[in-house]
Amino acid sequence: MANTRKIALHYLQHSSWSVLPAEDRELLELAAKAARNAYAPYSKFKVGAAIRMESGEIIPGSNQENASFPAGICAERTALHAAMTVLPKGEVESIAIVVPQVKGSKPVTPCGICRQALVEQERRQKGPMRLLMGIVKGPVIETFSAETLLPLSFDSSQLGRKPR
């Protein structure tokens, strides 16, 4: 017998950057600036990310493509891995993700691999992080946990062991 389950997503939709607090606007601006450093000669789809650590330190990242497409890395994971390299015991408070030149008016959300990496970080730090996903000076989607975007994520319990 099957049981029907329901998943609801809770997020905020902001009309523009201007309605956000100054620290959120700053994080989005730094993500947009990081996108200028993206290496995207194949897709021309530049993405920037900026992570604010609990300590207040901000770490940027941008996507880096490769002719062997699977070898590229997204902006979110570039920033996340840099943050954990510099501050391995640190906690991510927020991450802003910006695509400066997107078609349409809907903010771009992380790919599935990045969603999984962000959820893993939440488990690692035993707490959620905020996500701000925006278009330059346009609308912003805000979530209060990466798990909002990946509610049925894979985790260490499915491996039968806990991370060290």
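Numbering-wise, numbering that gives the first Met the number 0 puts 70 at position 71 of the sequence shown, and it's gapless, one number per residue.
Don't be surprised by glycine CBs; every beta carbon is placed ideally from N, CA and C.
The Cβ atoms of Val98 and Met52 do not sit closer than 8 Å to each other. Looking at Ser61, Glu119, Gly133, the one whose alpha-carbon comes closest to that of Thr77 is Ser61.
In the same chain as Gln120, and ignoring 5 residues on each side of it, the C-beta atoms closer than 8 Å to its own belong to Leu79, Met83, Val91, Met128, Ala145, in chain order. Taking a C-beta distance under 8 Å as the contact criterion, Pro59 and Ala48 qualify as a contact pair.
With a threshold of 16 other beta carbon atoms within 10 Å, Asp154 falls short and is exposed. Taking C-beta separations shorter than 7 Å and ignoring five residues to either side along the sequence, the partners of Trp16 in its chain run Arg24, Leu27, Gly133, Lys136, Val139, following chain order.
In this structure, the alpha-carbon of Gln124 lies about 17 Å from that of Ile57.
The C-beta distance from Thr142 to Tyr38 rounds to 28 Å, too long to meet the 8 Å contact threshold. Assigned with DSSP and collapsed to three states, Gln12 falls in strand.
The continuous stretches of alpha helix (DSSP H) do not include Glu141, which lies in the beta strand (DSSP E) extending over residues 139-142.
For Leu27, the enclosing alpha helix (DSSP H) starts and ends at 21-34.
Assignment of Met132 by DSSP, reduced to helix, strand and coil, places it in the strand class. Taking every protein chain shown into account, the CB of Glu22 has fewer than 16 other CB atoms within 10 angstroms, so this residue is exposed.
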